[in-house]
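Colleague:
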Amino acid sequence: MVRHLLRDDDLTPDEQSAVLDLADAMKAEPFARRPLEGPRSVAVLFDKASTRTRISFEVGISQLGGTPLIVDARASQLGRGETIADTARVLSRYVDAIVWRTGAQSRIQEMASGSSVPVVNALTDGFHPCQVLADLQTIRERFGKLAGLTLTYLGDGANNMAHSLLLGGATAGLTVRICAPEGFTPDQDVVRDAKSRASDTGGGVELIADPHAAVEGADVVVTDTWVSMGQEDDGLDRAAPFRPLQVNAGLLARAAEGAIVLHCLPAHRGHEITDEVLDGPASAVWDEAENRLHAQKALLAWLLRA
Ligand code: CP
Ligand code: NVA
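Residue numbering for the sequence shown follows this note's numbering, starting at 4 and increasing by one per position.
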């Protein structure tokens with residue numbers, strides 16, 4: 004059966020753990036495995052801007068011995084209205100996997116439905132599972148474990164990162180706390196699914212409105228932009244409700260000793276996070292960014308059973 008990664012709970016806890024083990028192996032010996040040699044090709048399509056995702060997939064696929072095809076989907080026929088289903092059928096005849104950054108989650112579901120090769124979500128409005136695999140790899144290399152740790156995310160609780168941390172974190176056995184302003188809380192269905200997954204793994208899901216209470220004793224503190232791609236002109240006033248959630252030295256002081264800070268980047272310095280924290284000793288963001296490369300190589304090798 005063809006496997007896809009459209010959202011984080013598409014991987015079982017054991018599968019997630021296997022991908023993370025492989026990611027560590029890829030990191031230890033970046034050029035030792037070339038399972039896509041042959042070569043196998045991977046189409047990486049973008050409907051939205053990207054730096055990390057684009058470059059890490061291109062480099063990673065090359066390092067695996069495969070051929071990366073990086074496509075600005077807005078300049079393809081998809082951008083002129085060719086259906087997703089027809090695109091999926093055609094791409095499946097050319098490539099061994101499809102990686103896509105797009106908007107609505109329903110779009111990537113449609114791509115997967117029409118595809119006979121694995122489809123990977125490289126960020127949608129709903130989820131960012133590749134990022135969270137890298138986040139989990141980073142947490143595990145810092146703490147030597149995942150299950151039992153507490154991760155607090157502060158910011159837009161309804162965005163892709165919050166949803167993926169809920170599902171991916173619960174899958175890993177983390178307790179995931181979400182601190183979001185009123186009107187920006189996570190999708191109820193995602194919370195339900197994360198709780199269900201957490202009940203299998205010993206993890207937990209908590210929605211905590213007060214930022215100080217949310218960060219109290221946390222091992223990992225995570226934030227993200229207050230304005231995700233596509234929300235720039237939605238007319239919502241974010242500055243006032245989000246300002247108390249800024250990850251700064253004062254807030255971070257409430258976290259557990261040895262706590263780390265993650266941010267998927269790009270960061271909006273002085274908004275969701277201060278320079279002092281982003282560039283400070285608790286920041287693991289540069290390792291986190293690097294781990295995109297290793298985690299995605301592992302994911303592709305695993306999905307392609309290569
Ligand atoms: N974190 C992340 O996905 O970065 P890009 O938008 O640069 O790909
Ligand atoms: N939530 C952000 C993540 C960027 C990597 C966005 O969707 O723009």
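Don't be surprised by glycine CBs; every beta carbon is placed ideally from N, CA and C.
Enumerate in chain order the residues of its own chain whose CB-to-CB distance from F146 is below 7 Å, with the five nearest sequence positions on each side excluded.
Modeller: These residues qualify, in order along the chain: L152, D222.
Colleague: Let me know the secondary structure DSSP gives D75 once reduced to three states.
Modeller: Reduced to three states, the DSSP call for D75 is strand.
Colleague: Check each candidate in D13, V122, A252 and name the one with the smallest Cα separation from I87.
Modeller: Comparing Cα-Cα distances from I87 to each of D13, V122, A252, the minimum goes to V122.
Colleague: Just list the residues that DSSP pairs Y156 with in beta bridges.
Modeller: In the DSSP output, where bridge partners are listed per residue, Y156 has I181, V225.
Colleague: Just curious, the alpha helix (DSSP H) that F245 is in, first and last residue?
Modeller: It spans 242 to 245 - the alpha helix (DSSP H) in which F245 sits, taken as one unbroken run.
Colleague: With distance defined between alpha-carbon atoms, name the residue in L39, Q140, V218 nearest to T178.
Modeller: Answer by Cα proximity: V218.
Colleague: Would you identify the three-state DSSP class for T70, choosing helix, strand or coil?
Modeller: The answer is strand: DSSP assigns T70 an E or B state.
Colleague: Could you check whether the Cβ of P284 sits closer than 7 Å to any heavy atom belonging to the ligand CP?
Modeller: P284 Cβ: outside cutoff for every heavy atom of the ligand CP.
Colleague: Identify the residues that DSSP records as bridge partners of V218: which are they?
Modeller: DSSP output for V218 lists no bridge partner at all.
Colleague: Can you tell me whether I276 is helix, strand or coil according to DSSP?
Modeller: Three-state result, I276: strand.
Colleague: Under a three-way DSSP split, which group does R104 fall into?
Modeller: Correct three-state label for R104: strand.
Colleague: Check F146 in the structure and name its three-state DSSP category.
Modeller: Three-state result, F146: helix.
Colleague: Can you tell me whether S109 is buried or exposed? The criterion is at least 16 other CB atoms within 10 Å of its CB, across all chains shown.
Modeller: Per the 10 Å Cβ criterion, exposed.
Colleague: Assuming T174 contacts D12 under a Cβ cut-off of 8 Å, what Cβ separation, rounded to an integer in Å, is found between them?
Modeller: With a Cβ gap of about 6 Å, T174 and D12 count as contacting.
Colleague: For the 8 Å Cβ check, are there 3 or more pairs between the segment 99 to 108 and the segment 47 to 65?
Modeller: They touch, by the three-pair rule.
Colleague: Within the same chain, show all residues whose beta-carbon is closer than 6 Å to that of L302, passing over the 5 residues directly before and after it, in chain order.
Modeller: Contacts found: V22.
Colleague: Do S118 and S95 have their beta-carbon atoms positioned less than 8 Å apart in this structure?
Modeller: A contact, by the Cβ cut-off of 8 Å.
Colleague: Any heavy atom of the ligand NVA closer than 7 Å to the CB of T228?
Modeller: T228: yes, Cβ under 7 Å from the ligand NVA.
Colleague: How is E235 classed by DSSP in three states: helix, strand or coil?
Modeller: It is coil, neither helix nor strand.
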